[in-house]
Structure formats: structure tokens, C-alpha cells
Amino acid sequence: GDSVTQMEGPVTLSEEAFLTINCTYTATGYPSLFWYVQYPGEGLQLLLKATKADDKGSNKGFEATYRKETTSFHLEKGSVQVSDSAVYFCALRPPDDYKLSFGAGTTVTVRA
Amino acid sequence: DTGVSQNPRHKITKRGQNVTFRCDPISEHNRLYWYRQTLGQGPEFLTYFQNEAQLEKSRLLSDRFSAERPKGSFSTLEIQRTEQGDSAMYLCASRLQGVGGIEQFFGPGTRLTVL
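Residue numbers (my numbering), protein chains in the order written: chain B, 1 to 112; chain Y, 113 to 227.
So this is what it looks like as C-alpha cells:
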């Protein structure tokens, strides 16, 4: 079945450091790919998405590129801030399907 | 704010009791989803509605669980005879199917603790 594997955490960084969270997926066809973020005490928020191969999603300085050849959707940010401390979830939605399949989440802590 | 709302935000109950959660989706969103999130894991799909029709149920949804969306607006998720293994965060999401984007909008969740 469809599944998402993402880098285990927790990840601790200093402010202005570079962040990468790896995400790979298994799916048939061309799923849509997402990164959701969950800030402390809040619900899941969509961070960015990509719906086809080579698409790049971007938001709030975060980027991820849909790589069909490596079945990956790695999340990157060039210079993190303390406010980026959160749990990040990679997710996919198969074509012609309705539900999201999530990875286990990666906890990121950014220290001043 | 017109986002997805869920009530209660926290529920503590004793094993064997029944609990009911409510989700109010974004107005006019025709699709409504329930997910369950256990500690250290990502959300797992439970069920979804297209308007008032429940179209799919995960095998995670045992016969102790029932969900309704009687008028195609708010939804309730009931757990009967709760067990300690039911302790989790229950998330609701909604989406407007057929128009524009594919994003599901999530509520803040209801955290259930079964003692």
C-alpha cells in the first residue's frame, strides 16, 4: 500500500542553520505530496504541496521538490528561526483517492 | 475565524465509558474526514463523509466507533466502551471537493485520555 517514510527526529538546530528533513514515499501512479506543520498546541497546517513530478512547493522560506525518480519530497529551509520549532509531517494523497497518508513526523527545535 | 473547530479539546474518561466528539467543518465544505493520531506517530485515516454520506471506513474503525454527519454540516464521532488503547488525538479535517485546491483543513483536535 501507499506509505511515507520521513527522517526520524528529534532535530535540534541553532538559529540561521540549514534544515533538511528527508521524506520518501511508496505509491502507485502520481500521488500529490504535502508537508504539514504542527506548532505546539495547534492543529496541522498545510506548509506546502506539489501535485506532479518536478513541481516545487514553497512557503515561508521552506521548499520541497517532487522527485519522481527518487520518490522523494525532501523539505529544506536555508535559515531557520526559533519560530520554526514544530513537528513536520510529510504526507501523500494518491490520485483519485481521498485520504492522506502521513509519515511519523519529525520534531524540530531551533535554539536561539 | 471560520476554520475547522472541534469540541471538546480535551476529554478524560474512565475505561468502559462512552464519549462523543464534535467537529464543525469550514462552512460549505462538502467533505469531512476523521483521523487518529497517537503519540509519536502521524495521523491515520479513520473515515470520511461526502455531505451526509459516510463513504469509507478504515479497518481501524472498530464496531465500537461510530461517526455521523446527519445534515451534511457538523459531524460527531462516538466511541463506546472506551479502552486505554483509544487514548489518542482525534483530528477532523474538511475540504471543498471539486473546486480548486486539494488541501484538507484540519481542526485543533480532541485529545482523549482513557484511564
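Here a beta-carbon is modelled for each residue, glycine too, at the ideal position from N, C-alpha and C.
Inter-residue CB distance, residue i and residue j (contact presumed, cutoff 8 angstroms)
{"i": "LEU92(B)", "j": "VAL4(B)", "result": "6 angstroms"}
{"i": "ILE138(Y)", "j": "GLY154(Y)", "result": "Not a contact, Cβ separation roughly 22 angstroms."}
{"i": "HIS141(Y)", "j": "LEU189(Y)", "result": "In fact, because the Cβ distance is near 17 angstroms, the residues do not count as touching under 8 angstroms."}
{"i": "GLU168(Y)", "j": "TYR98(B)", "result": "7 angstroms"}
{"i": "ILE191(Y)", "j": "ASN130(Y)", "result": "7 angstroms"}
Residues near residue i in its chain [Cβ-Cβ closer than 6 angstroms; skip 5 each side]
{"i": "TYR25(B)", "result": "VAL4, THR71 and LEU92"}
{"i": "ALA50(B)", "result": "LEU33, GLY57 and TYR66"}
DSSP three-state assignment for residue i, whether helix, strand or coil
{"i": "VAL82(B)", "result": "helix"}
{"i": "GLY197(Y)", "result": "helix"}
{"i": "VAL116(Y)", "result": "coil"}
{"i": "ALA64(B)", "result": "strand"}
{"i": "GLY1(B)", "result": "coil"}
{"i": "TYR88(B)", "result": "strand"}
Local Cβ density within 10 Å of residue i, reported as buried at 16 or more and exposed below that
{"i": "ARG181(Y)", "result": "buried"}
{"i": "GLY229(Y)", "result": "Any question about residue 229(Y) goes unanswered here, given that chain Y covers just 113 to 227."}
{"i": "GLY78(B)", "result": "exposed"}
{"i": "THR194(Y)", "result": "buried"}
{"i": "GLN6(B)", "result": "buried"}
When the options are compared against residue i, the one with the closest alpha-carbon
{"i": "GLN196(Y)", "options": "HIS122(Y), LYS123(Y), ARG127(Y) and ARG121(Y)", "result": "ARG127(Y)"}
{"i": "PHE62(B)", "options": "ASP84(B), GLU69(B), ASP96(B) and LEU13(B)", "result": "ASP84(B)"}
{"i": "GLY219(Y)", "options": "PRO31(B), TYR39(B) and PRO10(B)", "result": "TYR39(B)"}
{"i": "ARG171(Y)", "options": "PHE157(Y), TYR145(Y), ARG134(Y) and ARG143(Y)", "result": "PHE157(Y)"}
{"i": "ALA205(Y)", "options": "GLU164(Y), TYR160(Y), ASP175(Y) and ARG176(Y)", "result": "TYR160(Y)"}
{"i": "ASN113(B)", "options": "GLU16(B), LEU48(B), GLN81(B) and VAL80(B)", "result": "Outside the modelled stretch of chain B, which goes from 1 to 112, sits residue 113(B), for which no answer is possible."}
Own chain partners of residue i with C-beta closer than 7 angstroms, once the 5 adjacent residues on each side are dropped
{"i": "ALA27(B)", "result": "ASP2, LEU92 and PRO94"}
{"i": "THR150(Y)", "result": "ALA200"}
Residues of its chain near residue i, where Cβ-Cβ distance is below 8 angstroms and the 5 sequence neighbours each way are ignored
{"i": "GLU8(B)", "result": "ALA104 and THR106"}
{"i": "PHE186(Y)", "result": "ARG134, CYS135, ASP136 and PRO137"}
{"i": "GLU215(Y)", "result": "ARG207"}
{"i": "VAL11(B)", "result": "LEU19, ILE21, THR106, THR107, VAL108 and THR109"}
{"i": "ARG148(Y)", "result": "PRO155, GLU156, LEU158, LEU172, ALA200, MET201, TYR202 and LEU203"}
Cβ-heavy atom distance, residue i to the ligand FMN, below 7 angstroms
{"i": "LEU48(B)", "result": "As far as ligands go, the structure on display features none, and thus does not contain the ligand FMN."}
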